[in-house]
Amino acid sequence: MTAIALVDARGPRAMPRAGCPKGMPMSEFAKRLPRLLGLINFEAAARCLSLTSSARELNVTQAAVSQQVRALENELGLKLFVRRNRGLELNDEGRLLYRAVATGFECIASTIDELRAVRKPTVSVGTTSALATFWLIPRLQDFRQRHPEVDVNIVSSDTGFSAASANIDVGIVFGRGPWTGFRATLLREGDVFPVCSPAYLRGRAPLKNVESLLNETLLMLDYDRTPVMNWPMFFASQGIRSAYHRRIKYNSPSLLLQATCQGQGIALGWSLLTDDLLARRVLMRPLPTVVHTEGSFYLIAVEKKLRPEVLSFQDWLLGQFKQHERRRHEARKPKRPRRNPAASATRRVA
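Quick note on numbering: the sequence shown equals residues 323 to 672 in my numbering.
Shown next, in the form of structure tokens:
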């Protein structure tokens, strides 16, 4: 089963780990600890508070669980349960032991899971938060079905990646490069155009031209985060002095797109990023104006020899992009009007 992890490019936060005792000779453990089988049966009985339920869980008989619990009580020299007609109830000593046993078993199980995960093939994919949210993640189910043995770790960053600082295998990035330490494959040139939710313009007259955008609520990113294209640059490319009146600023492209989808204003949409939203009519283009930027979308991969799982993900990603492009071009083709069979028959008769 494929697992998908989402982390920030700054790295995972350190997780507190349960304290573990210092090494002790096994002979000392053997003297101090009761038999493991007795602890396993006790944990199940204490958690279920029922011999019947715990026996079913352990796939043994009720008598076997009862025997192991009594053997543990005899070994410790104290009672752990109060027997009731309707089941079991832990006494003070039982509750104390249960907390310790449950914590210990959970610590062991979690550590074993971590050790197993280390050996499982994993691909770390770097991209922006917006590309991950609106393009990559909706397609990941297909990769999971094709490669259930591979885990995917998505690393998001809106400030770029470098081979030295980002622990990624492949990435989808926008810019002009170069990306030192990575091989880059051009996916698509970066086109920018105004986008908004259909709800934003519902009940209003269509926008006449680019200048009419100056009277709208414009959604934008912080300028220092958008060195390639922003609203002032967009208006300048059209020979317009950008004296707009209403604006809302965001520090994340993902937040910006979510706000646009919710009808809060008009934003600049990037080609690859907004294709799916436009196709589903979540967004629309209020004007046909398009600006070609100097940046492009690239698939980057580390220069070192790629592991088999990374090659599989890279091939899958390129296949997804080609499929995406085919659908986009087909959607742009003018649809031929359907022929009316009745009309054709009439013409033939005539």
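Glycine included, each C-beta is placed from N, C-alpha and C at the ideal position.
Taking only the alpha-carbon atoms, compute the straight-line gap between THR450 and GLU395 and give it to the nearest angstrom. In a straight line, the C-alpha of THR450 is about 58 Å away from that of GLU395.
For ASN413 and THR433, I'd like the C-alpha separation in whole angstroms. One Cα belongs to ASN413, the other to THR433, and the distance between them is close to 30 Å.
Using a Cβ-Cβ cut-off of 8 Å (strictly less than) and excluding sequence neighbours within five positions of ALA581, which residues of its own chain qualify? Here the set comprises LEU541, ILE570, TYR572, GLY587, ALA589.
Buried or exposed, going by whether 16 or more other CB atoms sit within 10 Å of the CB of SER534? Classification of SER534: exposed, given that the 10 Å Cβ count is below 16.
Using 8 Å as the threshold, is the region 597–608 in touch with the region 618–629, meaning 3 or more CB pairs across them? No, the region 597–608 does not touch the region 618–629.
Limits of the alpha helix (DSSP H) - the one that SER682 falls within: With the chain running from 323 to 672 in the structure shown, residue 682 is simply not present.
So what does DSSP say about MET542, is it helix, strand or coil? In this structure, MET542 counts as strand in the three-state DSSP scheme.
Taking the alpha-carbon of PHE496 as reference, which of PHE465, PRO575, SER372 has the nearest alpha-carbon? That would be PRO575, whose Cα lies nearest to the Cα of PHE496.
Nearest by alpha-carbon distance to ALA601: which of LEU577, GLN645, CYS583, ALA653 is it? Minimum Cα distance to ALA601 is reached at ALA653.
In chain order, which continuous runs of the alpha helix (DSSP H) of length 4 or greater are located wholly inside the region 404–486? Runs of alpha helix (DSSP H) with 4 or more residues, each lying fully within the region 404–486, are found at 414–441, 462–468, listed in chain order.
Based on Cα-Cα distance, which residue from LEU509, PRO630, HIS646, ARG649 lies nearest to TRP469? Trp is not the amino acid found at residue 469; the sequence shown has His there. Selected option, being the one with the closest Cα: PRO630.
Distance check for ILE362 and ARG417, CA to CA, integer angstroms please. If you draw a straight line from the Cα of ARG417 to the Cα of ILE362, it comes to about 15 Å.
Unbroken beta strand (DSSP E) runs of length 3 or more, entirely within the region 491–544: which are they? List check, beta strand (DSSP E) in window: 492–497, 504–517, 539–543.
Should ASN537 be labelled buried (16 or more other beta-carbon atoms within 10 Å of its own) or exposed? Only exposed fits ASN537, as fewer than 16 other CB atoms lie within 10 angstroms of its CB.
Excluding the 5 residues flanking GLU625 on each side, which residues of the same chain have their C-beta closer than 7 Å to its C-beta? The residues GLY503, PHE504, ARG505, in chain order, have a CB closer than 7 Å to that of GLU625 in the same chain once the five nearest residues on each side in sequence are set aside.
Put HIS614 into one of helix, strand or coil per three-state DSSP. Three-state result, HIS614: strand.
My output table needs one value for VAL387: the three-state DSSP class, helix, strand or coil. VAL387 falls in the helix class under three-state DSSP.
In this structure, what does DSSP give as the bridge partners for VAL624? VAL624 is bridged to PHE504.
Checking the sheet assignment: what are the DSSP bridge partners for TYR572? As computed with DSSP, TYR572 is found in a beta bridge with LEU543.
Tell me which same chain residues have a C-beta within less than 8 Å of the C-beta of LEU578, skipping the five on either side of it? Correct list, in chain order: ALA452, LEU541, MET542, LEU543, TYR572, ALA589.
Determine the DSSP secondary structure at ILE362, reduced to helix, strand or coil. It is helical.
If you check the beta carbons only, do PHE556 and VAL517 fall under 8 Å apart? PHE556 is not a Cβ neighbour of VAL517, given a cutoff of 8 Å.
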